[in-house]
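These notes concern the structure reproduced below.
Number of protein chains: 2
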Amino acid sequence: MQETFTTEQGLTVPVHDLPLLDRVRTLILGGDFPPGAPVSEVFLAQEFDVSRTPIREALKQLQHEGLVEIRPKVGTFVREPTRREIVELFQLKESFEGLAAGLLARRGPVRELAVLERNLEESDEAAASGDAERYAALVHEFHQTIILGADNNKLTEHYGRLMNQLAYHRLVLRTAGHPGRIIASTAEHRTVLEMIKDKDHFGAEAAMRNHVYASSREVLTDSRTRND
Amino acid sequence: MQETFTTEQGLTVPVHDLPLLDRVRTLILGGDFPPGAPVSEVFLAQEFDVSRTPIREALKQLQHEGLVEIRPKVGTFVREPTRREIVELFQLKESFEGLAAGLLARRGPVRELAVLERNLEESDEAAASGDAERYAALVHEFHQTIILGADNNKLTEHYGRLMNQLAYHRLVLRTAGHPGRIIASTAEHRTVLEMIKDKDHFGAEAAMRNHVYASSREVLTDSRTRND
DNA sequence: AGAGATTATGTTGCATGCATGAAGTCGTCA
DNA sequence: TGACGACTTCATGCATGCAACATAATCTCT
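From first to last, the protein sequence lines stand for chains A and B.
First residue of the first sequence? That's 2 in the numbering used here, and the numbers climb one at a time after it.
First residue of the second sequence? That's 2 in the numbering used here, and the numbers climb one at a time after it.
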């Protein structure tokens with residue numbers, strides 16, 4: 002097994018081309034490029050002070066991840082996911098996270114339980130003090146902990162791809178949404194955690210899927226963000 | 002949306018580099034390369050009569066798909082999935098196919114029902130006449146029909162990636178296994194179909210997951226193939 | 001002036017060459 | 001004989017150059 006590195010989104014990539022691929026991805030996801038904007042190879046090449054060749058390879062990866070669209074002989078463009086794709090991705094998210102919660106419950110973890118417990122406490126604090134940013138970070142951490150806790154690298158990998166595709170959408174929502182409004186999804190998180198504690202993997206999966214479904218619906222029905 | 006093409010495994014790729022990427026993938030999955038074997042760029046380059054550059058890009062894609070391992074400054078090698086990875090992939094397969102069956106049941110399909118119905122009849126015939134090859138093909142078609150019937154392109158995409166990673170393993174099992182032995186999993190398929198007919202998406206998902214789990218266990222416990 | 005054809009431009013697609021680094025090989029020395 | 005070290009070999013990593021094609025701009029003709 003080669004040396005790998007797991008990115009923030011949980012995507013495992015070979016470590017040797019991490020800097021470039023990661024930097025390009027960050028640049029595109031950063032929001033500097035509106036959807037549909039062209040991403041020229043030469044621009045990126047001089048931006049990162051490398052040749053076009055490694056840039057091309059990175060862009061192909063990103064195409065594979067669904068973040069950009071390469072039109073042969075024309076150019077590369079930031080891909081704007083359609084609403085239908087968003088729905089599809091959320092269906093997958095529900096399935097992935099449900100699976101993860103179930104696997105974690107079956108494992109009967111120790112370390113993760115403490116982390117999740119602490120997370121919920123801090124989430125309550127953040128919600129009470131109205132710290133939206135902190136709350137969002139904690140929500141992210143909660144889900145990430147469960148995914149990683151499932152102890153299934155392939156799941157982590159696929160989940161990372163998924164979240165990368167949703168990342169741009171999330172960003173739009175987060176910046177365009179109502180920052181002050183935080184709906185406490187902590188209750189649903191707590192339910193999930195209880196199920197995991199009880200080693201009820203069936204219940205944990207169901208609870209997590211309900212939670213993801215609920216949050217996705219709120220994202221999809223209107224444009225208000227639920228920070229989750 | 003750019004023009005895409007869906008491969009046999011259901012993986013959607015841009016059409017312009019289909020020939021090369023697909024041919025390289027087929028070559029590697031074809032079994033000519035034992036696991037761990039080096040896949041030199043120059044070899045592939047002269048094999049397909051192109052330069053190293055497009056070969057490199059294709060290999061990077063395959064690395065992304067998990068089929069090869071690129072060791073920097075050393076070479077590219079056919080990746081041998083560990084047993085643990087096989088287990089992880091089957092867990093994902095269970096989740097994917099369960100999701101697909103559920104979505105299909107919820108859709109209340111018409112065309113797919115006829116196809117699946119016919120498939121089961123032919124499966125019975127193939128099983129009765131002991132045509133292992135035909136039976137395996139029908140099993141593949143059954144699952145593929147359900148995946149595609151779920152009408153979720155992202156699911157199809159992720160599933161395709163998954164199956165590509167399992168493809169090599171399947172091949173080994175199929176060739177090394179006992180070709181005469183066919184255990185009729187048709188009964189489980191029939192259960193899944195009944196649930197879909199009844200639009201019981203919950204039951205369909207459960208039935209499919211049980212089925213996939215059962216077949217995976219049989220694959221994993223010993224080396225005998227169940228053709229599924 | 002408008003429509004079609006033609007040129008011009010910009011970007012990608014690929015081939016090639018060279019530098020870099022990793023293994024393996026051979027030789028030398030203790 | 002065994003171990004250490006320089007060297008050879010070989011494959012990759014990347015830069016560069018040129019050709020091909022899509023698109024836009026221009027020109028011509030009616």
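Quick reminder that beta carbons are idealized off the backbone N, C-alpha and C, glycines included.
On a predicted model such as this, the values are computed, not experimentally measured, just so you know.
- The beta carbon of residue 154 of chain A falls within 8 Å of a beta carbon belonging to chain B, placing the residue at that interface.
- The residue from B:110, B:52, B:122, B:71 with its alpha-carbon nearest to that of residue 147 of chain B is B:110.
- For residue 202 of chain B, not one C-beta of chain A is nearer than 8 Å to its own C-beta.
- Not a single C-beta of chain A is nearer than 8 Å to the C-beta of residue 47 of chain B.
- The closest CA to that of residue 75 of chain B, considering only B:102, B:164, B:42, is found on B:42.
- Chain A has a Cβ within less than 8 Å of the Cβ of residue 159 of chain B.
- Close partners of residue 134 of chain B in chain A (Cβ separation under 9 Å) are lacking, with about 29 Å as the shortest Cβ gap.
- For residue 70 of chain A, the uninterrupted beta strand (DSSP E) run begins and ends at 69–72, by DSSP.
- Look at residue 89 of chain A: its C-beta is under 8 Å from a C-beta on chain B.
- Between residue 79 of chain B and residue 46 of chain B, the C-beta gap is not smaller than 8 Å, which leaves the two residues out of contact.
- Sequence-distant partners of residue 56 of chain B (beyond 5 residues in either direction) whose C-beta falls short of 6 Å from its own C-beta, in its chain, are 42, 45, 46.
- Below the 8 Å Cβ cutoff, chain A contributes no neighbours of residue 149 of chain B, its closest Cβ being approximately 13 Å away.
- A straight line joining the alpha-carbon of residue 132 of chain A with that of residue 220 of chain A spans about 20 Å.
- The beta carbon of residue 100 of chain B sits closer than 6 Å to none of the beta carbons in its chain outside the five residues before and after it.
- If you ignore the 5 residues before and after residue 40 of chain B, its C-beta comes within less than 8 Å of the C-beta of 29, 34, 60, 69, 76, 77, 78, 79, all in its own chain and listed in chain order.
- The criterion of a C-beta distance shorter than 8 Å is not satisfied by residue 214 of chain A and residue 86 of chain A.
- Counting along the chain, residue 99 of chain A sits inside the alpha helix (DSSP H) bounded by residues 84–108.
- The alpha carbon of residue 210 of chain A has as its nearest neighbour, out of B:212, B:211, B:203, the alpha carbon of B:203.
- Residue 61 of chain B belongs to the set of residues whose beta carbon lies under 8 Å from a beta carbon in chain A.
- By the C-beta criterion, the region 121–128 of chain A is judged to be in contact with the region 136–146 of chain A, since at least 3 inter-stretch pairs fall below 8 Å.
- Each residue's CA atom was taken as its position, placing residue 186 of chain A and residue 36 of chain A some 30 Å apart.
- Annotation: the continuous beta strand (DSSP E) that includes residue 76 of chain B extends over 76–79.
- Bridge pairing for residue 39 of chain B: B:78 [DSSP].
- Between the alpha carbons of residue 154 of chain A and residue 92 of chain B lies a gap of roughly 11 Å.
- Proximity of residue 145 of chain A to chain B, defined by a Cβ-Cβ separation below 8 Å, is not satisfied.
- Chain-ordered, the chain A residues with CB closer than 8 Å to the CB of residue 86 of chain B read 154, 155.
- When C-alpha distances from residue 195 of chain B are compared across B:62, B:82, B:63, B:105, the shortest belongs to B:105.
- Cβ contact annotation for residue 53 of chain A (same chain, cutoff 6 Å, sequence separation greater than five): 42, 46, in chain order.
- Contact of residue 58 of chain A with chain B is assigned, a C-beta pair being separated by under 8 Å.
- Ranked by how close their Cα comes to the Cα of residue 159 of chain A, the residues B:26, B:113, B:97 have B:97 in first place.
- Taken through DSSP and simplified to helix, strand or coil, residue 51 of chain B comes out as coil.
- The contact set of residue 30 of chain A on chain B, defined by CB atoms closer than 8 Å, is empty, because the minimum CB distance reaches about 18 Å.
- The Cβ of residue 217 of chain B sits no closer than 8 Å to any Cβ of chain A.
- Nearest neighbour of residue 50 of chain A by Cα position, chosen from A:73, A:71, A:64, A:24, turns out to be A:24.
- Any Cβ of chain A closer than 8 Å to the Cβ of residue 190 of chain B would place that residue at the interface, and such an atom is absent.
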